Amino acid sequence: MNLESKWLEDFSALAATRSFSQAAERRFVTQPAFSRRIRSLEAALGLTLVNRSRTPVELTAAGQLFLVTARTVVEQLGEVLRHLHHLEGGQGEVMQVAAAHSLALGFFPRWIAQLRNEGLNIATRLVATNVGDAVHALREGGCDLMLAFYDPDAAMQMDPEIFPSLHLGQTEMLPVCAADAEGKPLFDLEGDASVPLLAYSAGAFLGRSVNGLLRQRQLRFTTIYETAMADSLKSMALEGLGIAWVPQLSVRAELARGELVVCGGPQWHVPLEIRLYRCALVRKANVRLLWRKLEGGAAQNS
242 MNLESKWLED FSALAATRSF SQAAERRFVT QPAFSRRIRS LEAALGLTLV NRSRTPVELT
302 AAGQLFLVTA RTVVEQLGEV LRHLHHLEGG QGEVMQVAAA HSLALGFFPR WIAQLRNEGL
362 NIATRLVATN VGDAVHALRE GGCDLMLAFY DPDAAMQMDP EIFPSLHLGQ TEMLPVCAAD
422 AEGKPLFDLE GDASVPLLAY SAGAFLGRSV NGLLRQRQLR FTTIYETAMA DSLKSMALEG
482 LGIAWVPQLS VRAELARGEL VVCGGPQWHV PLEIRLYRCA LVRKANVRLL WRKLEGGAAQ
542 NS
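Using our numbering, you'd call the opening residue of the sequence shown number 242 and step up by one each time.
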């Protein structure tokens, strides 16, 4: 197999733009020349990487997986060149982490601080996003690691052989609302009256978990607000507008100050597992080092 490094950069540009013309412009070549280079890459691999019948163009399943390798090789070449030109400044690799919004704020800082206290001084770059975008980034090499709540229904649909994961911790979603002057919940989940619900929008993973509980418990409610972000629901609950199910790690401070109160017993709580995902095709040294450390910790705790 005879691959040219420029073809890998071409393919990365095409994946980023989803347009042959825009990618060619980015790579400073004509579109016909750019198209020939992509076809040469596909011929060398013996694979079809791009579905050209769609607009914007789409990567095939093989193209998505190869993109991870292409980006990794391009990044490693860049790292070597920066070292050779003394431009690295001793900082080493930076791990790119995509995380669900609530984990980015409520879990990630403490977790990284703990790792650094244990002597693992790894530079990280965090992108807070929704789960769908985080999965897309991990699939196509846009991040090294993904921090997310585990979905027992396997809605992420990721092959565990290619995208292994590790258990990092447990939390739960709590039903919370504002308190009255006496510090009691404004709303009662156990009463007969319908309650105002601050809900997750359709398709949100946390929303699926809450909706399952609501069906099981046959709660009477009226939805007055929807969003995909737990922190936005928390803000609305702080204003006294209704009940929201929010990860406990997102409301520690508000519960401690009495600004929010839990308005339902354990039967209204939803367990959550926090997991870290990686792509087995990515060969960054720091990612492998972190994974070995976490695997060792998991073995000690089991």
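We treat Cβ as the ideally placed atom computed from N, Cα and C, and that holds for glycine.
Since we're looking at a predicted model, the values are computed, not measured.
Beta-carbon gap between residue i and residue j smaller than 8 Å
| i | j | result |
| --- | --- | --- |
| residue 487 | residue 471 | yes |
| residue 550 | residue 308 | Lying outside 242 to 543, the shown extent of the chain, residue 550 is not represented and no answer is given. |
| residue 392 | residue 519 | no |
| residue 275 | residue 264 | yes |
| residue 514 | residue 355 | no |
| residue 427 | residue 506 | no |
| residue 289 | residue 303 | yes |
| residue 447 | residue 517 | no |
| residue 437 | residue 499 | no |
| residue 417 | residue 521 | no |
| residue 254 | residue 268 | yes |
| residue 510 | residue 430 | no |
| residue 345 | residue 387 | no |
| residue 479 | residue 420 | no |
| residue 257 | residue 300 | no |
Where residue i sits in the DSSP three-state scheme
| i | result |
| --- | --- |
| residue 410 | strand |
| residue 480 | coil |
| residue 284 | helix |
| residue 296 | coil |
| residue 275 | helix |
| residue 326 | With a pLDDT of only 47 at residue 326, under the threshold of 50, the placement of this residue in the model should not be trusted, and no figure is reported. |
| residue 251 | helix |
| residue 489 | helix |
| residue 458 | helix |
| residue 523 | coil |
| residue 464 | strand |
| residue 361 | coil |
| residue 266 | helix |
| residue 498 | helix |
| residue 516 | strand |
| residue 422 | coil |
| residue 438 | strand |
| residue 339 | strand |
| residue 415 | strand |
Whole-number beta carbon distance between residue j and residue i, since they are thought to touch under 8 Å
| i | j | result |
| --- | --- | --- |
| residue 347 | residue 490 | 4 Å |
| residue 389 | residue 368 | Contact flag wrong, Cβ pair sits at about 13 Å. |
| residue 544 | residue 259 | Any question about residue 544 goes unanswered here, given that the chain covers just 242 to 543. |
| residue 363 | residue 336 | 6 Å |
| residue 282 | residue 261 | Contact doesn't hold; Cβ gap of about 13 Å is too wide. |
| residue 455 | residue 462 | 7 Å |
Through-space distance from residue j to residue i, alpha-carbon basis
| i | j | result |
| --- | --- | --- |
| residue 523 | residue 313 | 6 Å |
| residue 366 | residue 459 | 43 Å |
| residue 502 | residue 494 | 11 Å |
| residue 534 | residue 360 | 11 Å |
| residue 402 | residue 296 | 31 Å |
| residue 594 | residue 440 | The chain is shown only over 242 to 543; residue 594 falls outside these bounds and no answer can be derived. |
| residue 248 | residue 512 | 46 Å |
| residue 286 | residue 270 | 22 Å |
| residue 476 | residue 317 | 43 Å |
| residue 435 | residue 349 | 36 Å |
| residue 377 | residue 526 | 22 Å |
| residue 409 | residue 399 | 18 Å |
| residue 465 | residue 445 | 17 Å |
| residue 375 | residue 449 | 18 Å |
| residue 457 | residue 433 | 16 Å |
| residue 358 | residue 531 | 14 Å |
| residue 497 | residue 425 | 14 Å |
| residue 404 | residue 306 | 11 Å |
| residue 423 | residue 370 | 38 Å |
| residue 508 | residue 343 | 23 Å |
| residue 413 | residue 529 | 29 Å |
**Study point:** Any alpha helix (DSSP H) of 4 or more consecutive residues that is wholly inside the segment 363 to 405
**Key:** 372 to 380
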